[in-house]
Structures are given as structure tokens and as C-alpha cells.
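Just so we're aligned: the sequence shown equals residues 13 to 385 in this note's numbering.
Take a look at the structure below.
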Amino acid sequence: YFADGIAEDIITDLSKISGLMVIARNSSFSYKGHRPDIRQVCRDLGVRYVLEGSVRKAGGRVRINAQLIEGASGGHIWAERFDRDLEDIFAVQDEVTREIVAALRVALTPGEQRRREGRSKVDPEAYDLLVRARTVSYGFTADASQEARGMLERAIAIDPELAPAYAMLSLLHSLEHVNGWNGAGPGHLDRALDFARQALAVDADDPQAYHALALAQMWRGELDEAELAAERAIALDPNYAGALAALGSIRDYAGRHEGAIGPLRQALRLDPQYHVALQFLGRAQFMLGRYADAEATFRARLVQTPRSDTTRAFLASLYGLTGQIEAARRIWAELTNINPTFSVEHLLQVLPYNSQAFEERFLSGLRSAGLAQ
Numbered sequence: 013y014f015a016d017g018i019a020e021d022i023i024t025d026l027s028k029i030s031g032l033m034v035i036a037r038n039s040s041f042s043y044k045g046h047r048p049d050i051r052q053v054c055r056d057l058g059v060r061y062v063l064e065g066s067v068r069k070a071g072g073r074v075r076i077n078a079q080l081i082e083g084a085s086g087g088h089i090w091a092e093r094f095d096r097d098l099e100d101i102f103a104v105q106d107e108v109t110r111e112i113v114a115a116l117r118v119a120l121t122p123g124e125q126r127r128r129e130g131r132s133k134v135d136p137e138a139y140d141l142l143v144r145a146r147t148v149s150y151g152f153t154a155d156a157s158q159e160a161r162g163m164l165e166r167a168i169a170i171d172p173e174l175a176p177a178y179a180m181l182s183l184l185h186s187l188e189h190v191n192g193w194n195g196a197g198p199g200h201l202d203r204a205l206d207f208a209r210q211a212l213a214v215d216a217d218d219p220q221a222y223h224a225l226a227l228a229q230m231w232r233g234e235l236d237e238a239e240l241a242a243e244r245a246i247a248l249d250p251n252y253a254g255a256l257a258a259l260g261s262i263r264d265y266a267g268r269h270e271g272a273i274g275p276l277r278q279a280l281r282l283d284p285q286y287h288v289a290l291q292f293l294g295r296a297q298f299m300l301g302r303y304a305d306a307e308a309t310f311r312a313r314l315v316q317t318p319r320s321d322t323t324r325a326f327l328a329s330l331y332g333l334t335g336q337i338e339a340a341r342r343i344w345a346e347l348t349n350i351n352p353t354f355s356v357e358h359l360l361q362v363l364p365y366n367s368q369a370f371e372e373r374f375l376s377g378l379r380s381a382g383l384a385q
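The structure is reproduced here in C-alpha cells:
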């Protein structure tokens with residue numbers, strides 16, 4: 013988990029540089045544990061270079077070996093080893109990023125240069141808790157979220173200036189609200205908003221904090237404010253697939269379905285395995301009446317998340333609207349087998365659309381197939 017945490021942080025640091033196009037963690041990590049041909053990886057992801065390396069931690073020290081490989085030739089264009097104290101982990105991540113930028117001859121904007129300077133030391137125990145919490149949270153269950161929150165709260169108690177921990181607490185509270193986990197109620201979104209603002213109070217240039225703020229505001233139905241926060245996150249990190257997906261979803265909820273398509277496609281370009289973005293894209297296509305496109309997108313999501321109940325609900329409605337009644341009933345039977353307690357009412361209550369258009373279309377499809385009153 014520690015090596016994964018450092019790798020994710022370096023990906024995040026590189027993605028903040030506007031002169032680079034950086035594939036997100038989710039898709040990059042799909043190669044973890046394998047030794048794929050680097051040239052094939054570059055072709056699969058549509059990139060020119062691959063950064064690979066290793067991390068070792070011993071006592072209060074960390075060693076990072078990193079090498080940058082050109083996809084066309086498979087040759088190394090840069091390699092380095094870094095030995096540092098754990099409390100300097102942010103500094104060594106900055107150093108790795110600087111050397112890669114130099115090797116690629118990428119020019120930093122003045123704002124990017126300023127944000128690279130002067131990051132403080134971090135308490136090693138707090139950082140360890142942060143990266144452990146990230147790893148646990150990727151389980152995407154109620155128990156995983158609760159366990160991760162406990163780790164993050166301990167991290168903040170040790171280091172109150174750890175902005176990413178506040179941002180992640182905000183994201184987890186939003187996630188619990190959407191899924192109805194861990195006794196989620198109206199207070200969950202209040203806490204999500206508070207934690208996002210605390211993250212920004214510590215670091216006003218943290219894109220993850222703006223992403224967290226955007227999601228908290230989005231789920232509260234504050235769509236104008238949420239769009240501004242998502243746009244700020246993208247300005248700070250042009251390769252931030254999560255923020256791009258949030259922007260697309262916000263526009264969809266605001267009834268600007270066509271305007272949602274571009275950010276969502278860009279999110280999927282940066283993270284081809286970002287299944288949440290597929291759900292958002294399919295929903296926007298559904299609202300635009302592009303049912304063939306929406307079906308293909310929802311089906312692609314089921315390849316990545318085979319047990320998704322909400323995607324099956326959207327497909328059932330789509331099939332009802334297009335007269336494919338038997339297909340609608342089959343997919344609905346799969347849904348109820350996966351989640352016997354699935355609630356259409358809860359789904360409609362959670363999604364913060366600013367009009368009744370989605371609800372009317374969604375229910376119309378289900379009614380056509382005899383799946384709703």
C-alpha cells in the first residue's frame with residue numbers, strides 16, 4: 013500500500029502539469045503485478061512514455077527507483093534513485109516530478125512553478141495512515157469507507173495540516189450519502205462540505221479539495237457552485253479525470269446534457285477504466301435520446317462492474333422506451349437478484365436533477381416494461 017500511495021501521489025503531481033497528458037491511477041494500476049511490453053502499454057493507453065519504478069521503506073527512510081521509458085523504442089530516457097527521510101516524502105515526490113519534466117523538456121507555467129515550491133515536511137505516521145486509507149477505500153463498501161475514515165481522522169489528529177486527508181474525508185462522506193452507507197443522512201453532506209473547506213483552508217491550491225467541494229455541493233443540489241469548484245479543480249490539474257467526470261455529471265444534472273459529453277469523454281481518455289464516468293456518460297446520452305449510444309456505454313460499464321444495480325436500472329428503462337420489453341424484464345430480473353432491496357425511490361431522491369425531466373423519462377421506460385407503477 014505504501015508504494016501504491018507514493019505512485020499515486022507522483023501520478024497526481026505529474027497530472028497537474030498542463031504540458032503533459034497523464035493517464036490516471038485507476039488505469040495505470042491495471043498493469044500492477046505484470047510485466048507487460050512497454051510498447052504495447054503505450055499503444056493501449058495512447059501515450060508516448062511510461063514511468064515505472066519501485067519503492068522500499070525501512071525504518072525512517074525510503075528509497076525510490078524510477079525510470080522513464082520511451083514507448084516507440086522501449087529505451088530509457090531517464091533513470092534515478094532517491095534515498096530520503098520519510099518526513100521528506102513530499103520533497104522527494106517533487107524531485108521526481110521535476111526531473112521527469114526536465115527530461116521531457118516540458119515548460120512549466122509560472123503558476124505551476126509556484127505550486128511546486130515550498131511543500132512542507134509531513135509526519136511519517138500521518139502519511140502512512142493517509143496512503144493506507146486510500147488503499148482501503150478502494151474497496152468501495154460501507155465497511156471499507158468506515159475503516160478508511162477512522163484512519164484519516166487519526167492522520168489529522170497527528171498532522172492537522174494534511175490537506176489530502178481532509179479532502180478524502182469529504183469524498184468518503186459524499187460516497188456514503190449516495191450509497192446510503194453507515195447511517196448516512198442529511199448531516200453527511202454537511203460534513204462533506206465542512207471537510208472540503210478545511211482542506212482548502214490548509215491548501216487553497218489543492219485540486220482534490222476542489223473536487224471534493226464540487227461533489228458535496230453537487231449532491232446538495234447547489235449545481236452552479238459545484239460547477240465552479242469542478243472547473244477550479246481542472247484548472248489546477250488539467251488531467252484530473254475525477255474532476256472532469258464531476259463537471260460532466262454536474263452539467264447533466266443541470267439539464268445541459270450536450271455540455272456533459274465532452275468532459276466525460278476526456279475523463280475516459282485519461283482513465284479508460286473509470287467506470288463511474290461511463291455511468292455518467294450513459295446517463296447524459298440517455299437524456300439526449302441517443303439510446304443506442306447509451307446502451308453501448310451502459311454495457312461497457314457492466315463489463316467493468318458486473319454487479320452494478322443502477323446501471324441495470326437505467327438499461328431497463330432504456331429498453332422499455334425502445335420497445336424491447338423482454339430485454340427490460342431480463343435486465344430487471346438480474347438487478348433484483350443482485351440487490352433485492354433496490355429502491356427506485358431512493359435512486360430518484362439521491363440524483364440532484366434540477367427538473368423532473370429525468371424522473372419522467374426514467375419512470376416512463378420502466379412503466380412501459382411493466383416494472384413501475
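Don't be surprised by glycine CBs; every beta carbon is placed ideally from N, CA and C.
Pairwise C-alpha distance: residue j and residue i
i: ARG93; j: SER66; result: 10 Å
i: ASP264; j: ARG277; result: 13 Å
i: ASN447; j: ILE337; result: Limits of the chain in this structure are 13 at one end and 385 at the other, which puts residue 447 out of reach.
i: ALA226; j: ARG232; result: 10 Å
i: ALA306; j: GLN220; result: 29 Å
i: GLY197; j: ASN351; result: 21 Å
i: LEU375; j: ARG302; result: 17 Å
i: GLY45; j: GLU64; result: 12 Å
i: LEU248; j: ASP16; result: 23 Å
i: ARG73; j: ARG324; result: 48 Å
i: ILE273; j: ALA257; result: 10 Å
i: LYS69; j: ASN77; result: 12 Å
i: GLU371; j: PHE152; result: 27 Å
i: ILE50; j: SER39; result: 15 Å
i: TRP344; j: ALA328; result: 6 Å
i: PRO275; j: MET230; result: 16 Å
Cβ pair residue i, residue j closer than 8 Å
i: VAL134; j: ILE168; result: no
i: VAL108; j: ILE81; result: no
i: LEU183; j: ALA224; result: yes
i: GLY335; j: LEU378; result: no
i: PHE326; j: VAL143; result: no
i: ALA228; j: ALA208; result: yes
i: ASP171; j: ALA145; result: no
i: LEU330; j: THR309; result: no
i: HIS269; j: LEU235; result: no
i: ASP321; j: PHE354; result: yes
i: ALA253; j: LEU282; result: yes
i: GLN388; j: ILE22; result: This structure cannot settle anything about residue 388, because the visible part of the chain is limited to 13 through 385.
i: THR317; j: HIS358; result: no
i: PRO136; j: GLU99; result: yes
i: ALA381; j: ARG341; result: yes
i: SER367; j: GLY271; result: no
i: SER42; j: GLN285; result: yes
Integer Cβ distance of residue i from residue j, believed to fall under 8 Å
i: ILE262; j: ALA296; result: Going by Cβ atoms, the distance from ILE262 to ALA296 rounds to 11 Å, so no, they are not a contact pair.
i: ALA204; j: SER186; result: 5 Å
i: LYS95; j: ARG75; result: Note on residue identity: the sequence assigns Asp, not Lys, to residue 95. So it is a contact: roughly 5 Å between Cβ atoms.
i: VAL190; j: VAL362; result: 6 Å
Extent of the continuous beta strand (DSSP E) to which residue i belongs
i: TRP90; result: 88 to 97
i: VAL62; result: 61 to 70
i: ILE1; result: Nothing can be reported for residue 1: it is not among the residues displayed for the chain, which extend from 13 to 385.
Span of the alpha helix (DSSP H) around residue i
i: ASP155; result: 154 to 170
i: MET299; result: 287 to 299
i: GLY17; result: 14 to 27
i: TRP231; result: 219 to 231
i: GLY254; result: 253 to 265
i: ALA247; result: 235 to 248
i: ASP202; result: 198 to 214
* Are there three or more Cβ pairs, one per stretch, closer than 8 Å when the region 24 to 33 is compared with the region 83 to 99? -> Not touching, per the Cβ criterion.
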